[in-house]
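Which chain is which? The protein sequence lines are A, B and C, in order. Going by this note's numbering, the first sequence opens with residue 77, and the numbers climb by one from there. Going by this note's numbering, the second sequence opens with residue 2, and the numbers climb by one from there. Going by this note's numbering, the third sequence opens with residue 8, and the numbers climb by one from there. Everything on this sheet refers to the single structure shown next.
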Amino acid sequence: MARKTAKKGKGAPANAGKKESMLALTWKQLIRNKMAVAGLILIGVMAILAILAPVIAPYAYDKQDLYHTFLGPCREHWFGTDNLGRDIFSRILYGARYSLSIGIAAVAMSLVAGVSLGALCGFYGGKLDMILMRVLDVFQSIPGMLMAIAVSATLGPGLRNCIIALSISSVPGYARMMRASMLNIRDMEYVEAARSVNARDGRIIFRHMIPNAMAPTIVQATMGVATAILVAASLSFIGLGVQPPAPEWGAMLADGRNYIRDFPHLVMFPGIAIMLAVLSLNMLGDGLRDALDPRLKN
Amino acid sequence: MIRYIVKRLLLMIPVILGVTWLIFTIMYFTPGDPARIILGTDASEAEIAALQEDLGLNDGYVVRFVRYVKQVFIDFDMGESYINGRNVGEEIGLRFPYTFRVAAISVVIAVLIGLPLGIVAAVNQFTWKDNAAMMAALVGISMPGFWVGLMLSLAFALRLGWLPATGIGGPQYYILPCLSIGLSGCASIARQTRSGMLEVIRQDYVVTARAKGQVEWKVIYWHALMNALIPIITQVGTMFGIQLGGAMIAETVFSIPGIGTYMVSGIKNRDYPAIQGSVLYVAVIFGIIMLVVDLLYAFVDPRIRAQYQSRKARPKKAAAEGGK
Amino acid sequence: MSKSESKRLLEVKDLTVQYLTGEEVVEAVNGVSFTLDRGETLGLVGETGAGKTTIAKSILRILPDPPAKVAGGEIFLDGEDLLHMPESKMRTIRGKKISMIFQDPMTALNPIFSIGDQIAEVIRLHEKKLSKKAAYEKAVAMLEMVGIPGERYSDFPHQFSGGMKQRVIIAIALACNPELLLADEPTTALDVTIQAQVLDMMRKLKEELGTSMILITHDLGIVAEVCDKVAVVYAGEIVESGNLEAIYDHGSHPYTKGLFGSIPDIEGEEKRLSPINGMPPNPADLPEGCNFHPRCPYATDACRKGKIPFTEVAAGHLVRCVQAQKGEF
Numbered sequence: 077m078a079r080k081t082a083k084k085g086k087g088a089p090a091n092a093g094k095k096e097s098m099l100a101l102t103w104k105q106l107i108r109n110k111m112a113v114a115g116l117i118l119i120g121v122m123a124i125l126a127i128l129a130p131v132i133a134p135y136a137y138d139k140q141d142l143y144h145t146f147l148g149p150c151r152e153h154w155f156g157t158d159n160l161g162r163d164i165f166s167r168i169l170y171g172a173r174y175s176l177s178i179g180i181a182a183v184a185m186s187l188v189a190g191v192s193l194g195a196l197c198g199f200y201g202g203k204l205d206m207i208l209m210r211v212l213d214v215f216q217s218i219p220g221m222l223m224a225i226a227v228s229a230t231l232g233p234g235l236r237n238c239i240i241a242l243s244i245s246s247v248p249g250y251a252r253m254m255r256a257s258m259l260n261i262r263d264m265e266y267v268e269a270a271r272s273v274n275a276r277d278g279r280i281i282f283r284h285m286i287p288n289a290m291a292p293t294i295v296q297a298t299m300g301v302a303t304a305i306l307v308a309a310s311l312s313f314i315g316l317g318v319q320p321p322a323p324e325w326g327a328m329l330a331d332g333r334n335y336i337r338d339f340p341h342l343v344m345f346p347g348i349a350i351m352l353a354v355l356s357l358n359m360l361g362d363g364l365r366d367a368l369d370p371r372l373k374n
Numbered sequence: 002m003i004r005y006i007v008k009r010l011l012l013m014i015p016v017i018l019g020v021t022w023l024i025f026t027i028m029y030f031t032p033g034d035p036a037r038i039i040l041g042t043d044a045s046e047a048e049i050a051a052l053q054e055d056l057g058l059n060d061g062y063v064v065r066f067v068r069y070v071k072q073v074f075i076d077f078d079m080g081e082s083y084i085n086g087r088n089v090g091e092e093i094g095l096r097f098p099y100t101f102r103v104a105a106i107s108v109v110i111a112v113l114i115g116l117p118l119g120i121v122a123a124v125n126q127f128t129w130k131d132n133a134a135m136m137a138a139l140v141g142i143s144m145p146g147f148w149v150g151l152m153l154s155l156a157f158a159l160r161l162g163w164l165p166a167t168g169i170g171g172p173q174y175y176i177l178p179c180l181s182i183g184l185s186g187c188a189s190i191a192r193q194t195r196s197g198m199l200e201v202i203r204q205d206y207v208v209t210a211r212a213k214g215q216v217e218w219k220v221i222y223w224h225a226l227m228n229a230l231i232p233i234i235t236q237v238g239t240m241f242g243i244q245l246g247g248a249m250i251a252e253t254v255f256s257i258p259g260i261g262t263y264m265v266s267g268i269k270n271r272d273y274p275a276i277q278g279s280v281l282y283v284a285v286i287f288g289i290i291m292l293v294v295d296l297l298y299a300f301v302d303p304r305i306r307a308q309y310q311s312r313k314a315r316p317k318k319a320a321a322e323g324g325k
Numbered sequence: 008m009s010k011s012e013s014k015r016l017l018e019v020k021d022l023t024v025q026y027l028t029g030e031e032v033v034e035a036v037n038g039v040s041f042t043l044d045r046g047e048t049l050g051l052v053g054e055t056g057a058g059k060t061t062i063a064k065s066i067l068r069i070l071p072d073p074p075a076k077v078a079g080g081e082i083f084l085d086g087e088d089l090l091h092m093p094e095s096k097m098r099t100i101r102g103k104k105i106s107m108i109f110q111d112p113m114t115a116l117n118p119i120f121s122i123g124d125q126i127a128e129v130i131r132l133h134e135k136k137l138s139k140k141a142a143y144e145k146a147v148a149m150l151e152m153v154g155i156p157g158e159r160y161s162d163f164p165h166q167f168s169g170g171m172k173q174r175v176i177i178a179i180a181l182a183c184n185p186e187l188l189l190a191d192e193p194t195t196a197l198d199v200t201i202q203a204q205v206l207d208m209m210r211k212l213k214e215e216l217g218t219s220m221i222l223i224t225h226d227l228g229i230v231a232e233v234c235d236k237v238a239v240v241y242a243g244e245i246v247e248s249g250n251l252e253a254i255y256d257h258g259s260h261p262y263t264k265g266l267f268g269s270i271p272d273i274e275g276e277e278k279r280l281s282p283i284n285g286m287p288p289n290p291a292d293l294p295e296g297c298n299f300h301p302r303c304p305y306a307t308d309a310c311r312k313g314k315i316p317f318t319e320v321a322a323g324h325l326v327r328c329v330q331a332q333k334g335e336f
C-alpha cells in the first residue's frame, strides 16, 4: 500500500490537469477489464430498471389478485405471482429501488463519517487518535451484522433506520482504512511541501491528503455497497429492516420462505436478484482495485 | 510470550467494559417497557408499576449501568431472561456447544475448499483455472448466506429428502447449516489465499527453493504458502470468531438452538438481559479469538515472534553483526 | 580430443529466450553460445537488463514460465541435454550439480525458516541417505565454512545483516558440492567492504572444491579478480568473448571499449570518464543490424543491416563487429 500511495503521490501535487489524467488512466485500466465492464453494465442496467420501475413494471408492486396466487412463471407473470397474487417481476423491479438506495445511502453516510474520523486521527495522531481508536476497538469487537441488528432493534424497523443501522456498523472500517493511508502519506514530501508554505491543516487534509489516500477507500466503498445490500436483506429477512408489504428483496424472501416447499419460485427470484446486484458490484470493485493498485497488475 | 498474553488479556478489559456500556446504552434507549413485556398485555397498571420498581427500571441511567456492571463483573451474574426467567449465563452455556460445533465444522469446510482453490488460482494465474475459480468465488461471496441455506434445504431436504431441513439432532442435522455457512466462507478464503499467494509466489526465496531442486508442490505449499498464511489466518480467525458469536441468520433458517437464535429472539422480544449477556459473550469470544490469531502469527512468522519476546530477543539481535 | 571432451563441463548453444507480455514478444536472450571447462570461471558482463540473469536461469530452468520461454538452443551439462530433460531429472541437478547464488541476499532467503534448516533442506534433498542428524551436522559445517558460528543454526534471516545472509546463500549453493556455480551479481547488494570479504571467500571455496563458475556482474573489477574468461553481453547477445587478457587488454568491440572507458582509473591519465552515449535498446524493439549501432561512434551503413557474425580476431577471441570483420582493429 505504501508503494502505491508513493507512486500516486508523485503525480498528485494538486495539479488539476494531472489529476484528470490519473482519473482517465484509472478509467482506461478499468474498461480494459472484462469483468469490471460486465459488472458496470450489469449494475447500470439494474439502476436504470430501478429508476424506471414505474414505467417498466407490468403491474403495481402491491396489486393483489387473489384469484391468481402462486402462479409459476408464465407469459403474464414472468417470475410468477406470490401468496397474494402479486406479480413477482414487478416487485423485484421495485425492490431494486430499495436495495440500491439502501446500499448507496448507507455507504455514503458511513463513508463521510469514517473518512473524516480516520483523516483526523491519521493527521493529528496523539491523544485524539488514541481515544478514537479505542472507541472504534469497542465498536469493532461486535461483528458488523450483530451491530446492525442491535441498532435497528433500537431504532425500530423501516427504511431510514435500516440505513442508519447499516452505516453505523461500517464506520469503523472506513475510519481505520483512512487512518492507515493517512499515516502512510503523512510524511511524504508533498505534504511537507504544503506545510512548508504554511497551508492550513484543513487544506492539507482535504486538498492534498484525502485525495491521495482515497484509492483503497473507493474500492472498499464499492464492495461496501454490495455488503450493505446483503446485510439489509438479512435484516429484512429476520423482520428488522424494511417491512412488508414493501417489496424489499429480503422481506420477499422472508415471506416466500413459508411456501418454499411447494412454490420455490417465491424464494428463487428475489435471491437471484440480490445475488446479481451484489455480484455486479463486487466485479466492479475487483476491477477498480486492479485499476487503482499497480502492485496487483501483473 | 506469557507476558504478551497477559498484557493482551489486560487490554481486553477496557474493550469489554466499553462494549458493556455501548450495548447497555443501546438497550437503554430502545423503546419498549420490560415490565410490560414480562407481564404480558393483561396485567394491571399497578402490577406493572410494582415490577418496574422491583427491576429497578425507575432508577437513572448511571445507577442502572453501575448496577449492571457490578452484577456482571463482580457477581458474575448476567441476570435472568425477561421472557422465561432463565439465567442468561447458563442459557448461553447450554447453547454454546451447538454454536461451537456449527462454527468449527463450517470453518473446516471453508478452509478445506477455499485454501486449495485460492492456491490453484494463484499458481495458474490468468489461465482458465484461475478465472473459473475466481468467478465461482465471486458468485459465492455475492450470494446471501441464508438464501444459500434455503436453496440447499430446498434441494437436499425438501425435494430429495436426504437430510433434515431444520432442528438439531444427530450429525446429519449439521450438514446443511455448516455447508451453507462454509460455502460463503470458502469463497472469501479463496480470494484472500489467491491474493496472498500472488504476492509471495514471485518472491526470490521461492525461486531459491526451486533452485535447490525442491519439488514443485513443496515449493508452493511449504515455502510460498507459509509466507502467505498471515492474512489467511486473520480471515479464518475472523470467520470463526463471528460464527462462534452465533450465525444469527443461518441458525434462524435451520432452527438451531444456538446463540444466534437466542440473540435474534432476544432482540425481537426486547429481552434486555439476554441481549446484553449474549453481546458481551460475543465480544469476549471475539477478543479471545483475535488474541489466538495474533499468537498464531508468532507461530508462523519468526519476525513477529521476535517482536512479542522483544525483551529476550534484543541481546541476540545485537550479536548479529549490524542487525537488520 | 577425448580428453578435452571430459574437461568440458557446460556447453550453451544458440540459446534464445523470449518473454511474452500481452501481445508483445520480447527477445531477452538471442542466440547466445559459450562453453565452460571444469574449474574455469566465466564472467558474463553487461548492463542491467542485458539478459545475463535470464541466461543463468535458463541453465537451471527456473525461468518464470509464463511469461518466459526458451524458444531455441541447447544446453549441455557433461554432455546431458538440460533443456529436454524431464523435470524430475532436472530436479536432481538443481542444487546438486548446478546451484545458484542470487543477487539480493535480503530477499533470497525464506524469512520464516531458520537459516540452518534452509541449508539442511538442500542437503536432504540431494543426499537422501543422510539422516536428519547428519544433515544437521553438515549444515552446521557449511555455516562454519562460510564463517558463521554453528550455534546460529536456528536463527532466522531477519537476525542477520546483508553480508551474513549472502554467506548463508553461498553455503546453500555450495552445500552439495556443485560442479557449476551460477553467481548472479553476488556482491552487488553489499557494502564495498563486505563485497571484498564475500568475493574472497567465494574464490577460496571455489578453489578448494574445484567448482566451475559463471559470474554475472556489471563490475569489471570483480571480473578481473575472479574470472578466466569473459563474455560481454549486450541486448541479449554476446558481442565479444575471450580470455581475460584478450578482453581487458585487447577489447575490440566498441561496446567493450565503452564499458572500460566508463570505469574510473585512479592511476590513469584521463581526467574524464567516457560514458557510452544513449540507453540500451528496448528489447521489444531491437534495432535492425547490430544492436549497438545507434550508440556506436563508429557505426557505418554496414552496421545497420543484417546480422553481424562473430569474427575470430585472435585464437578464442570472438568479436561481433563489422570493423573486426574488415580487420581494422
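All C-beta atoms in this analysis are idealised placements derived from N, C-alpha and C, irrespective of residue type, glycine included.
| Given 8 Å, three or more beta-carbon pairs between the segment 242-250 of chain B and the segment 197-207 of chain A | The segment 242-250 of chain B, when compared against the segment 197-207 of chain A, does not touch it at the 8 Å Cβ threshold.
| task | Starting from B/LYS8, find everything on chain A with Cβ-Cβ shorter than 9 Å and list it in chain order. | result | Sequence index remark: in the second sequence, residue 8 of chain B carries index 7 (1-based). Here the premise fails: no neighbours, minimum Cβ distance about 15 Å.
| Under the DSSP definition of a beta bridge, which residues are partnered with B/LEU10? | Translated into positions along the second sequence, residue 10 of chain B becomes position 9. Answer is none; B/LEU10 lacks a bridge partner.
| What is the rounded straight-line gap between the Cα of C/GLY86 and the Cα of C/VAL240? | What you label residue 86 of chain C is simply residue 79 of the third sequence in a count that begins at 1. What you label residue 240 of chain C is simply residue 233 of the third sequence in a count that begins at 1. When rounded, the distance between both Cα atoms is 25 Å.
| said: So, under 8 Å CB-CB, C/ASP21 and C/MET107 are touching, yes? Tell me the CB distance rounded to an integer number of Å. | reply: Position 14 of the third sequence, counting from 1, holds the residue named residue 21 of chain C. Position 100 of the third sequence, counting from 1, holds the residue named residue 107 of chain C. Going by Cβ atoms, the distance from C/ASP21 to C/MET107 rounds to 22 Å, so no, they are not a contact pair.
| said: Beta-carbon within less than 8 Å of A/LEU187's beta-carbon, same chain only, minus the 5 sequence neighbours each way: which residues are those? | reply: For this step, residue 187 of chain A is matched to residue 111 along the first sequence. For A/LEU187, where only same-chain residues beyond five positions count, the Cβ hits under 8 Å are TYR250, THR293, ALA297, GLY300.
| request: Go ahead and label C/GLU247 buried or exposed: buried means 16 or more other beta carbons lie within 10 angstroms of its beta carbon, across all protein chains shown. | output: By 1-based counting over the third sequence, the position of residue 247 of chain C is 240. By the C-beta density criterion, C/GLU247 is buried, having at least 16 other C-beta atoms within 10 angstroms.
| Which residues DSSP lists as bridging C/VAL32, in chain order | By one-based count along the third sequence, residue 32 of chain C stands at place 25. Looking at the DSSP assignment, C/VAL32 forms a beta bridge with C/LEU27.
| Nearest-angstrom Cα separation, counted from A/LEU352 out to C/GLU18 | Counting from one through the third sequence, the residue named residue 18 of chain C turns up at place 11. Counting from one through the first sequence, the residue named residue 352 of chain A turns up at place 276. It is roughly 59 Å from the alpha-carbon of C/GLU18 to the alpha-carbon of A/LEU352.
| said: I'd like to know whether the C-beta atoms of B/GLY214 and C/LYS103 end up nearer to each other than 8 Å. | reply: Here residue 214 of chain B refers to the residue found at position 213 of the second sequence. Here residue 103 of chain C refers to the residue found at position 96 of the third sequence. Against a cut-off of 8 Å, the Cβ pair of C/LYS103 and B/GLY214 comes out as a contact.
| task | For chain A, find out if any of its Cβ atoms is closer than 8 Å to the Cβ of B/LEU118; answer yes or no. | result | Mapped onto the second sequence, residue 118 of chain B falls at position 117. So, not an interface residue.
| query | Roughly how many whole angstroms lie between the Cα atoms of C/ALA83 and C/LEU67? | reply | Taking the third sequence and counting its residues from 1, one reaches residue 83 of chain C at position 76. Taking the third sequence and counting its residues from 1, one reaches residue 67 of chain C at position 60. In the sequence as displayed, the identity of residue 83 of chain C is Phe instead of Ala. Approximately 11 Å between the Cα atoms of the pair.
| field | Through-space distance from B/SER266 to A/LYS86, alpha-carbon basis | value | Here residue 86 of chain A is taken as the residue at index 10 of the first sequence, counted from 1. Here residue 266 of chain B is taken as the residue at index 265 of the second sequence, counted from 1. Interpretation of A/LYS86 is limited by its pLDDT of 39, a score under 50 that renders its predicted location unreliable; the figure taken from the coordinates is listed afterwards. Between A/LYS86 and B/SER266, the C-alpha separation is close to 54 Å.
| task | Please name the residue or residues paired with A/LEU375 in a DSSP beta bridge. | result | Residue numbering for chain A in the displayed model covers 77 to 374; residue 375 of chain A lies beyond these limits and cannot be assessed.
| query | Using a C-beta to C-beta distance shorter than 8 Å, which residues of chain A count as neighbours of B/VAL140? | reply | Within the second sequence, the letter at position 139 stands for residue 140 of chain B. The answer, in chain order, is MET351, LEU355.
| Buried or exposed: where does C/ALA331 fall if 16 or more other Cβ atoms within 10 Å of its Cβ makes it buried? | For this step, residue 331 of chain C is matched to residue 324 along the third sequence. By the 10 Å Cβ count, C/ALA331 comes out buried.
| Got a sec? Which residues, its chain only, sit under 6 Å from B/GLY278 by beta carbon, not counting five neighbours each side? | The residue given as residue 278 of chain B occupies position 277 in the second sequence. Excluding positions up to five away in sequence, the list reads MET79, VAL89.
| task | Please report how far the alpha carbon of B/TRP163 lies from the alpha carbon of B/GLY150, in whole angstroms. | result | Start at 1 with the first residue of the second sequence, and residue 163 of chain B comes out as number 162. Start at 1 with the first residue of the second sequence, and residue 150 of chain B comes out as number 149. Distance between the alpha carbons of B/TRP163 and B/GLY150 is about 15 Å.
| task | Starting from B/ILE27, find everything on chain A with Cβ-Cβ shorter than 7 Å and list it in chain order. | result | Taking the second sequence and counting its residues from 1, one reaches residue 27 of chain B at position 26. From the beta-carbon of B/ILE27, the residues of chain A found nearer than 7 Å are ALA226, VAL227, THR230.
| message | Taking only three categories from DSSP, how would you classify C/VAL153? | response | As a first step, residue 153 of chain C must be located in the third sequence, where it is residue number 146. Three-state DSSP puts C/VAL153 in coil, outside helix and strand.
| field | C/LEU22 - DSSP class collapsed to helix/strand/coil | value | Here the question's residue 22 of chain C lines up with position 15 in the third sequence. In the structure shown, C/LEU22 sits in a strand (DSSP, three-state: E or B).
| query | Are there three or more Cβ pairs, one per stretch, closer than 8 Å when the segment 269-288 of chain B is compared with the segment 67-83 of chain B? | reply | Per the Cβ contact rule, the segment 269-288 of chain B is in contact with the segment 67-83 of chain B (3 or more Cβ pairs under 8 Å).
| message | Assuming contact is defined by CB atoms lying nearer than 8 Å, are A/GLY317 and A/GLU324 in contact in what I supplied? | response | The residue you call residue 317 of chain A lines up with position 241 of the first sequence. The residue you call residue 324 of chain A lines up with position 248 of the first sequence. Note that the C-beta distance between A/GLY317 and A/GLU324 is below 8 Å.
| request: Only counting runs of 4 or more residues, tell me where the alpha helix (DSSP H) segments fall wholly within the segment 205-289 of chain B, in order along the chain. | output: 205-212, 226-245, 249-254, 260-270
| query | Shortest alpha-carbon distance to C/LYS96 belongs to which of B/ILE260, B/VAL216, B/TYR263? | reply | Stepping through the third sequence from its first residue, residue 96 of chain C is reached at position 89. When C-alpha distances from C/LYS96 are compared across B/ILE260, B/VAL216, B/TYR263, the shortest belongs to B/VAL216.
| Where does B/LEU56 fall in DSSP's three states? | Walking along the second sequence from the start, residue 56 of chain B turns up at place 55. Reduced to three states, the DSSP call for B/LEU56 is helix.
| message | Please confirm whether C/VAL24 has its beta-carbon closer than 8 Å to some beta-carbon of chain B. | response | Locating residue 24 of chain C in the third sequence gives position 17, where the first residue counts as 1. It does not: the Cβ of C/VAL24 has no partner Cβ on chain B nearer than 8 Å.
| C/ILE245 beta carbon less than 8 Å from that of C/THR2 | With chain C running from 8 to 336 in the structure shown, residue 2 of chain C is simply not present.
| task | Go ahead and pull the three-state DSSP assignment for B/ILE305. | result | Locating residue 305 of chain B in the second sequence gives position 304, where the first residue counts as 1. B/ILE305 falls in the helix class under three-state DSSP.
| Does any residue of chain B bring its CB to less than 8 Å from the CB of C/PHE109? | Counted from its first residue, the third sequence places residue 109 of chain C at position 102. Chain B, which has a Cβ nearer than 8 Å to the Cβ of C/PHE109, makes this yes.
| request: Report, in whole angstroms, the separation of the C-beta atoms of C/PHE299 and C/PRO261, which I expect to be a contact under 8 Å. | output: Position 292 of the third sequence, counted from the first residue, corresponds to residue 299 of chain C. Position 254 of the third sequence, counted from the first residue, corresponds to residue 261 of chain C. Going by Cβ atoms, the distance from C/PHE299 to C/PRO261 rounds to 7 Å, so yes, they are a contact pair.
| What residues of chain B sit near C/ALA5, judged by a beta carbon separation below 9 Å? | Examination of residue 5 of chain C is not possible in this model, given that chain C is present from 8 through 336 alone.
| Interface residues of chain D facing A/GLY347 [CB-CB closer than 8 Å] | No chain D appears in the structure shown, which is made up of the protein chains A, B and C.
| message | If you reduce the DSSP assignment to three classes, tell me which class C/PHE83 lands in. | response | Translated into the one-based positions of the third sequence, residue 83 of chain C becomes position 76. Correct three-state label for C/PHE83: strand.
| query | With a cut-off of 8 Å, does the C-beta of B/MET249 fall near any C-beta of chain A? | reply | Stepping through the second sequence from its first residue, residue 249 of chain B is reached at position 248. Yes, B/MET249 counts as interfacial toward chain A.
| How about B/TYR222: is its C-beta nearer than 8 Å to some C-beta of chain C? | Along the second sequence, read from residue 1 onward, the residue named residue 222 of chain B stands at position 221. Not one chain C Cβ lies under 8 Å of B/TYR222.
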